[in-house]
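According to our numbering, the sequence shown is numbered sequentially starting from 9.
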Amino acid sequence: RDPSKWSEVLLGLLANEETANRGADLVWHSGFDDQMLTACTNAFEMGWIGSNIFRNLCYSMSWQAVSQDGLVRLFTLLSNHEDPISADVLVNLLDQVLEKEAWPVDSDFVFRVVTTQTHFEERLDAHDYHWHSVCNKLVAYDSTKALPLLDVLLQQMGSNYRLSYDRYVEPLAKSLCRMNPTEAWGIVVSHLLSSAPEWRVDILNWLKGGFGSFNEKNVVPPIAEFPPQIILNWIEQDPEERASMIAHCVSRSLDDEFGGILTRALLANYRNLDGVVSGIRCNFHSGCWSGPRSQHLRAMRDRFRNWLGKDYDVHVRSCIDEEIVYLDREIEAAEISEEREAWNRP
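Structure follows, in structure tokens:
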């Protein structure tokens with residue numbers, strides 16, 4: 009009935025440490041204007057209230073009711089608190105605010121926000137969606153941040169293996185490589201060599217596209233984003249060590265459009281080196297399927313038979329022949345096992 013009196017009461021509550029939380033609860037229901045935002049950010053800066061109150065600005069575009077200066081101050085305060093709630097509210101707001109070319113904050117600030125350690129610890133789908141969106145907006149606005157961001161993502165994969173197949177981190181890192189493949193490969197190489205002679209299995213897993221697709225669906229893995237020749241040139245510098253490493257992360261396909269050029273080149277040029285053929289075979293046999301195993305293996309054999317009819321290098325064709333022979337045996341064994349299971353089933 010009396011908005012002026014209501015604001016006076018709330019401002020009074022927010023200005024006192026003992027009553028600030030009660031005031032914040034009431035602001036949640038009545039919303040923000042510039043006065044309320046200033047009072048709440050003051051209380052937040054003093055440590056009287058938590059950052060969750062500012063989540064209210066994320067709903068129904070409520071942030072549009074306050075000034076840009078007020079938002080920038082809030083962004084700065086939230087960025088100084090690396091707790092999960094503050095990080096979540098901040099990327100949610102940035103995802104909404106960073107829609108125009110005239111950003112209220114610079115790209116350096118946004119880069120610091122999205123690379124904060126908090127974002128890589130507890131992965132929550134709703135939060136990760138906004139984080140991923142802000143990252144994409146950052147590199148679209150300032151492409152010079154793409155390679156530094158890739159560097160951070162690969163570093164984080166080394167600390168947290170599951171990031172190598174995270175539904176947001178994995179495709180983001182892949183898209184960053186696509187922006188500048190040659191320089192991106194240099195960053196990938198620096199991380200691959202950082203643990204030598206140990207392998208960075210997290211990066212190798214990411215390069216090949218994670219644990220595999222479902223039901224043999226063809227996908228373009230991150231390693232296919234790089235020109236094959238620059239990878240082959242890198243291998244040639246130390247083939248004994250590098251050929252096998254790369255064999256464990258090449259495409260699961262021999263088709264050009266899915267990165268098969270590199271797979272075929274390894275089979276043609278380095279098949280005699282220890283670990284090359286076995287690494288490629290491991291990739292082909294990874295993945296998931298539903299239904300009888302024999303059916304899955306027959307589908308795989310059909311793919312190899314199709315490749316056998318193409319004009320590939322003679323050594324590649326020899327490897328295909330060997331794989332078909334192996335699959336023939338496995339299919340027969342799977343069919344016998346399935347018949348026994350069916351016979352013994354009550």
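By construction, the Cβ of each residue, glycine as well, lies at the ideal position given by its N, Cα and C atoms.
(message) I'd like the list of long-range same chain contacts for residue 240, defined as Cβ closer than 7 Å, with 5 residues on each side in sequence excluded.
(response) 273
(request) Find the nearest neighbour of residue 173 within the set 331, 230, 53, 260, judged by alpha-carbon distance. (result) 230
(request) Look at residue 171 and residue 157 and say whether their C-beta atoms are less than 9 Å apart. (result) no
(request) Name the two residues that bound the continuous alpha helix (DSSP H) containing residue 43. (result) 42-54
(request) Determine the closest residue to residue 311 out of 351, 268, 321, with distance taken between C-alpha atoms. (result) 268
(message) Please give me, in chain order, every unbroken run of the alpha helix (DSSP H) with length at least 4 that falls completely inside the segment 175-199.
(response) 177-187
(request) Might you give, ordered along the chain, the residues of its own chain that have their beta carbon closer than 8 Å to the beta carbon of residue 130, omitting 5 neighbours on each side? (result) 92
(message) Can you look up residue 18 in the DSSP assignment and give me helix, strand or coil?
(response) helix
(request) Kindly list the residues whose CB is nearer than 8 Å to the CB of residue 300, restricted to its own chain and excluding five residues on each side of it in sequence; keep chain order. (result) 342, 346
(request) List the endpoints of the continuous alpha helix (DSSP H) containing residue 268. (result) 268-278
(request) Check residue 153 in the structure and name its three-state DSSP category. (result) helix
(request) Indicate whether residue 165 and residue 195 have their beta-carbon atoms separated by less than 9 Å. (result) no
(request) Using a threshold of 9 Å, state whether the C-beta atoms of residue 255 and residue 287 are closer than that. (result) yes
(message) Let's test the definition: count the other Cβ atoms within 10 Å of the Cβ of residue 216 and tell me whether it reaches 16, buried, or not, exposed.
(response) buried
(message) On a Cα-Cα basis, can you pick out the residue from 214, 193, 191 that is closest to residue 180?
(response) 214
(message) Using the three-state DSSP reduction, which class does residue 28 fall into: helix, strand or coil?
(response) helix
(request) Can you have a look at residue 243 and say buried or exposed, based on whether 16 or more other CB atoms are within 10 angstroms of its CB? (result) buried
(message) Going by DSSP in three states, residue 344 sits in which element: helix, strand or coil?
(response) helix
(request) Please name the residue in 238, 322, 57, 265 whose C-alpha comes closest to that of residue 276. (result) 322
(message) If contacts are defined as beta-carbon pairs under 8 Å, then residue 138 and residue 103 qualify, I think. What distance do you get, rounded to the angstrom?
(response) 4 Å
(message) Can you check which of these residues, 47, 80, 40, is closest to residue 69 by C-alpha distance?
(response) 40
(message) Out of 112, 108, 96, which one is the CA nearest neighbour of residue 136?
(response) 96
(message) Only counting the same chain, and skipping five residues up and downstream in sequence, which positions put a Cβ closer than 7 Å to that of residue 306?
(response) 339
(request) Identify whether residue 258 lies in helix, strand or coil by the three-state DSSP scheme. (result) coil
(message) In the DSSP assignment, the alpha helix (DSSP H) including residue 84 goes from what residue to what residue?
(response) 76-87
(request) Kindly indicate which residue of 278, 205, 264, 190 has the alpha-carbon position closest to the one of residue 235. (result) 190
(message) Going by C-alpha to C-alpha distance, which of 59, 66, 63 sits closest to residue 88?
(response) 59
(request) Please classify residue 126: does DSSP put it in a helix, a strand, or coil? (result) helix
(request) Would you mind working out which of 281, 326, 344, 17 sits nearest residue 303, comparing C-alpha positions? (result) 344
(message) Under DSSP, the alpha helix (DSSP H) around residue 72 begins and ends at which residues?
(response) No alpha helix (DSSP H) holds residue 72; DSSP gives it neither H nor E.
(message) Quick check on DSSP: helix, strand or coil for residue 9?
(response) coil
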